Each structure stands twice: as C-alpha cells, then as structure tokens.
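There are 2 protein chains.
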Amino acid sequence: MPGMGHPRPYGDGLGRGAGSVLGKARLILEAFEIDDAQVSLSELARRTGISKTTVHRLAQELLEWGMLERSDSDYRLGMRAFELGSRVPRFRVLRDAVRPYMHQLHTLTKETVHLAVLDGLEVLFLEKLAVGPRVAHQSRIAGRLPLHCTATGKALLAYSSPDVLDAVLARPLERLTPMTIVVPSLLREQIRKVREVGHARESEETAIGYCSTAVPLFGSSGVLLGAVSVTAPTFRADVARYVRALTAVRRELAAGDHLN
Amino acid sequence: MPGMGHPRPYGDGLGRGAGSVLGKARLILEAFEIDDAQVSLSELARRTGISKTTVHRLAQELLEWGMLERSDSDYRLGMRAFELGSRVPRFRVLRDAVRPYMHQLHTLTKETVHLAVLDGLEVLFLEKLAVGPRVAHQSRIAGRLPLHCTATGKALLAYSSPDVLDAVLARPLERLTPMTIVVPSLLREQIRKVREVGHARESEETAIGYCSTAVPLFGSSGVLLGAVSVTAPTFRADVARYVRALTAVRRELAAGDHLN
DNA sequence: GCGCCGGTTTCGGTGACCGGAACGCGGCGC
DNA sequence: GCGCCGCGTTCCGGTCACCGAAACCGGCGC
C-alpha cells in the first residue's frame, strides 16, 4: 500500500485485504452493520482503518453510483445495492418459485416458514414468513446461522458434498443452547438419518422453546438448490403435520418446477 | 486512463465513467441484465468496453468478495450482493413494517399489491404480492416504472417536493399505452386532485386491461416514505373498495407506526 | 494441420490513487 | 468570548497499483 509504512492506527483485524480499491470499497460497504441506519464519515474511517481522506473520496464515488446515500452528512446503504441484490439469480429464481408454496405452508400451519440456501459453511435465509408482529427469533431475511443447529442446515448438509460436512466438523461446533449438538459423531449420525427419511429436524438447538422441520429442494437436474422449513414453539408443534406439508411441497416443486 | 489513446473499441455510450476502478466495477456489476443468469468473461468485456484482461482481474477480486460467483467459467451475481441489498435501511424497515398490511390487503382484495418508493425520477418497487402463477404485468420487485403513468408514482409525486414534478415534466412524458397521460397540464391537474382526495389512480395507463389505486405512506415525522397500491384487471376492479382498504392501511400505519 | 475463440498469464510504463497537512465550520466547556 | 475538539472537505506531491498489448494455452470445427 502506498505511503503506508506506519503501524495500523486502530484496532487491527479490520483493515485486512485493503490492498486494492475494491478491497477498500468492500470494507466501507460492509462496515454498515445490519441495524445502524446511518454512519458518519469519521466512524467509517475508524471501522475500516482507512484514512478519512480516502473514505471520503470513495464514498463520493459510491454516492454517485447509488450504492450509498447520505442524509445530513451521514451515510447509509443506497437503493442501488438493493436493486443489485434483487438480481442475484440464485436468490431471485428460487424465491419466486418457492414463495407461493411458502404461503401455502404458512396458512396451513400458522407458523413461521423459512427459505434458505447453503452459502459457505452457513445457512443463509432468503425469505421468511413470520406470524405475529415480532417473533423472538434468531433468523432474519439475509441473516446467517450455523449449519449444525438448524433444520434447514441439516437438510442442506445431508444432500451436499461430504466435504461440506467434513469442513463443518473440522472446527468445534458452536453451542447456542444446551440442546445444541456439539459432538461430531452425533451430528454425522443425524445427517445419515436425514438422508434416510428425507427430512431434517431440530429441537431447541438454536433457541429455547422453538423447534423446526425442513426438507431440501432440488432442481430438475437433481442439484440441491435450498431448503424450506417450518418453525414453531415446541409446546404446540405438530411435527408430523409439518413433515407431511413439507414433503408435499417438495414433491410439487420437483414435479412442475420452474427451477433450472 | 492509462495507455488508452485508442478509440473506444465497441459501441460507445457504454464505457462512460470508467475512469476509476470503482467505475469499472460498477460497469461490470451492472452489465448483468435482470434475466441473464450468467455471462462469460468475453461477453462482459464486450458489454462494458473494458479490456478482457482488466475484467478478468476485477472479476477475480469480486469473486473473492462474493459479489460474483462462477459456474463453469461463467459469471453471475453472488450472494454477497443479496446480503448487502437486504441491509439497505430505506428498503428493509419499510418492507418489514408494511408487509403485514400488504398481506391483509391481498387477502381482502385477492388482487396484486405493490409497495414502492420514489427513487430518482422513477418508482422503484420494493415488494409485490401477486395472485396466480404469472400475472402478465410490467412490475417486478426491484423493477422501475415511470412516475406519471403509475398509481404509486402519482401518489409519490403528489406529496414530494414540487421540484420532482417539475423535473418529470421537463422531459417529454413517455407513452406506454394509448391511455397514458402525456400532456403536462393534465398531469399537474391530476396530481393536485390526488392531494385533495388523498389517494391516486391510474387506468390502463401502464398496461391495457389493468388499473391501480394507491395511497402514500408517511413516517411519524411526516416525511414521505413510500406508497402502496392495489392493481386489478379493469373489468373486475372495485376501486371504491380498494380506496377504503388502502386508506385504512395508511391510517393504521400512521397511528402505530414503527417507522422512524 | 490450422485458424478461431474463449480464458489466463506476463510485463513494463504511467497516471490514478494515496494519506499528510491544512482549512472552515459548528458545538461545547471554561 | 475564546480556545479546543471533532467533524467534513480540499490541496498536493510521491509512488505503486493498475492498465492493456501481447503472448500463451486449450478446446473445437473445418
């Protein structure tokens, strides 16, 4: 990096991979946490470890592009980012194809319905139909959760390359609740079972009081595309019914699919 | 631009604003049309007007970032773009707040429901609840339409700064159907009426056979946030009912809003 | 075989990019 | 009022990240 012989000014760990302009742009854009609506220039400089001058220049350019917007000399992510994100094919076609069935599941069960894909070594939620105003819940649209403690995650694991499972087991399994499975052999066994019965379950392994049931979704060519799940408070969960509804959806999607 | 004394190789008009790395990245990312799932490197070079070498290098970096993915030596937009787009506050908070009411409208009317915001001089659709498998329709999530021929557009125009209306009228009004209003004075009059009655209408001005009704949405501080609309085939449209349902939603949102 | 068209790598010249320094401004404490 | 601090913004000279031409590699069709 030019003229950067000085020690990193602020908390290290940030600022990695800022060799190129794109790396800097990435740091800036990803400096926006999910919740904070807007961030000041100096704050951005602090979070990214990039000099204020440079942040200013790049932010100017991102502004003109529409990836950032500003209100009152604070920055926030701009609509162009939303537009771009909506074009992502792996997201758009899957959501458009599955949404009607998610509604069907929702009206049928009156519980929360998720659509998720495998991304890296995590579940990434593409869509969520929740019931009620504010369900105390870990999941969010575009949020991530570990593979080993979610129903969608187990479904995805079961039908992905074994390498993925190996990679997951290569590092310790994070514990989210007392019920979270952290013993590798137990997880392997569960994943095997999932392949046997065709659906995956999770019981208070992510959040106390909630359990989920999931099925995988496949494209016409047989590739794994994602997974749908139903999440319900344990006390009123009717898992057998969920399994029936989910497998029905899976079948319908496999039959008349508009999935490449 | 360094070493670029040569005339622009391919169709001009593209390649604008490619002075900087970010400009190039922008060209590359926006080279992906809504529908084409994946694009080859050479095709990207052609569309952007950037040399194949440079596209290759930048694409590599975007790949590592996750903004692009590749299958089989073709590129497509990546999940990172989706995640970024989902964080855009002007999108996320509005959608989360309005979605329940959109469902309510949908079950009530059995017709297509839209949520839109003003962006630049166009309507930008944030969310769409459609009925049936494939409604022949212009609108898409993250799609854009002109302000002057959509119900949401008129609603937004009516409650925005007058400058916006002036800017729209500064250029000729595009005609989408025979019913599209292209006479400035007529549009001005309609917008005035919208402010009077509190809702906006559009009748086969965007697509023959369809008409829409819309209301604006305001935050607690009184700023215009967006607009919701109901779109129905003309022959069965019950506009009075839509107006009632929409104004109810508008009131409910204004009362117990979670909008900043 | 040979030409063609994709993706990838090499390489030297240079201008886009960098951050320090300086500036103008508004808010706060003294 | 005055000085101080932190903010956003502008200027500027040094330099390295970035650029595209050219060469390279592999598959395909003729």
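So the sequence lines, in the order shown, correspond to chains A and B.
Taking the working numbering, I'd label the letters of the first sequence as residues 45 to 304.
Taking the working numbering, I'd label the letters of the second sequence as residues 45 to 304.
Even for Gly, the Cβ is constructed at its ideal location relative to N, Cα and C.
Just so you know, these numbers come straight off a predicted model, no measurement behind them.
- Interface residue (Cβ-Cβ distance to chain A less than 8 Å): B:Phe76 is classified as such.
- Taking C-beta atoms as the reference points, A:Val167 and A:Thr194 count as a pair closer than 8 Å.
- In the three-state reduction of the DSSP assignment, A:Tyr286 falls in the helix class.
- Residue B:Lys154 holds the alpha-carbon nearest to the alpha-carbon of B:Ala276 among B:Arg91, B:Lys154 and B:Leu112.
- Taking a cut-off of 8 Å on C-beta distances, the stretch 131 to 139 of chain A touches the stretch 121 to 128 of chain B, as three or more cross pairs fall below it.
- If you draw a straight line from the Cα of A:Arg188 to the Cα of B:Gly129, it comes to about 15 Å.
- Put simply, the CB of A:Gly263 is far from chain B, with every gap to its CB atoms at 8 Å or more.
- Short of 8 Å from the beta carbon of A:Ala81, and not among the five residues preceding or following it, lie these beta carbons of its own chain, in chain order: Arg120.
- Cβ proximity to chain B below 7 Å picks out Pro133, Arg134 and Phe135 from the stretch 133 to 147 of chain A.
- The Cβ-Cβ distance between B:Ala292 and B:Phe262 does not fall below 8 Å.
- Residue pairing from DSSP places A:Ala258 in a beta bridge opposite A:Ala244 and A:Ser273.
- The C-beta of B:Leu230 has fewer than 16 other C-beta atoms within 10 Å across all chains shown, which makes the residue exposed.
- Apart from the 5 residues on each side of it in sequence, A:Val226 sits with its Cβ closer than 6 Å to the Cβ of Leu217 and Arg219 in its chain, given in chain order.
- Remark: C-beta atoms of B:Val283 and B:Thr250 do not approach each other more closely than 8 Å.
- DSSP places B:Leu112 inside the beta strand (DSSP E), whose first and last residues are Leu112 to Ser115.
- Counted as a single uninterrupted DSSP element, the stretch harbouring B:Lys172 is not any alpha helix (DSSP H) but the beta strand (DSSP E) occupying residues Glu166 to Leu173.
- B:Arg245 has a beta carbon lying at 8 Å or more from every beta carbon in chain A.
- The beta-carbon distance between B:Glu246 and B:Lys172, rounded to whole angstroms, is 16 Å. This is too long to meet the 8 Å contact definition.
- Judged by their CB atoms, A:Val212 and A:Leu201 are nearer to each other than the 8 Å cut-off.
- Rounded to the nearest angstrom, the gap between the Cα atoms of A:Leu149 and A:Tyr286 is 8 Å.
- With fewer than 16 other Cβ atoms inside 10 Å of its own Cβ, A:Val241 counts as exposed.
- Within chain B, no residue has its CB atom less than 7 Å from the CB of A:Leu209, the nearest being about 20 Å off.
- The residue from A:Ser205, A:Tyr254 and A:Thr196 with its alpha-carbon nearest to that of A:Ala244 is A:Thr196.
- Among the residues of the stretch 89 to 123 of chain B, those with a Cβ less than 9 Å away from any Cβ of chain A are Leu102, Glu105, Leu106, Glu108, Trp109, Gly110, Met111, Glu113, Arg120, Leu121, Gly122 and Met123, in the order of the chain.
- Comparing alpha carbon positions, the residue from B:Ser204, B:Tyr203, B:Ile252 and B:Leu191 closest to B:Pro228 is B:Leu191.
- The CB of B:Asp282 never comes closer than 9 Å to any CB in chain A; the least such distance is about 23 Å.
- At the C-beta level, A:Leu102 and A:Ala69 come within 8 Å of one another.
- Contact with chain B is found for A:Ala81, since one of that chain's Cβ atoms lies less than 8 Å from the residue's Cβ.
- Rounded to the nearest angstrom, the gap between the Cα atoms of A:Pro144 and A:Thr151 is 11 Å.
- When rounded, the separation of the alpha-carbon atoms in A:Ser273 and A:Val259 is 7 Å.
- Distances from the alpha-carbon of B:Ser205 to those of B:Asp79, B:Gly164 and B:Glu105 put B:Gly164 closest.
- For the pair B:Arg280 and B:Asp140, the Cα-to-Cα distance works out to about 30 Å.
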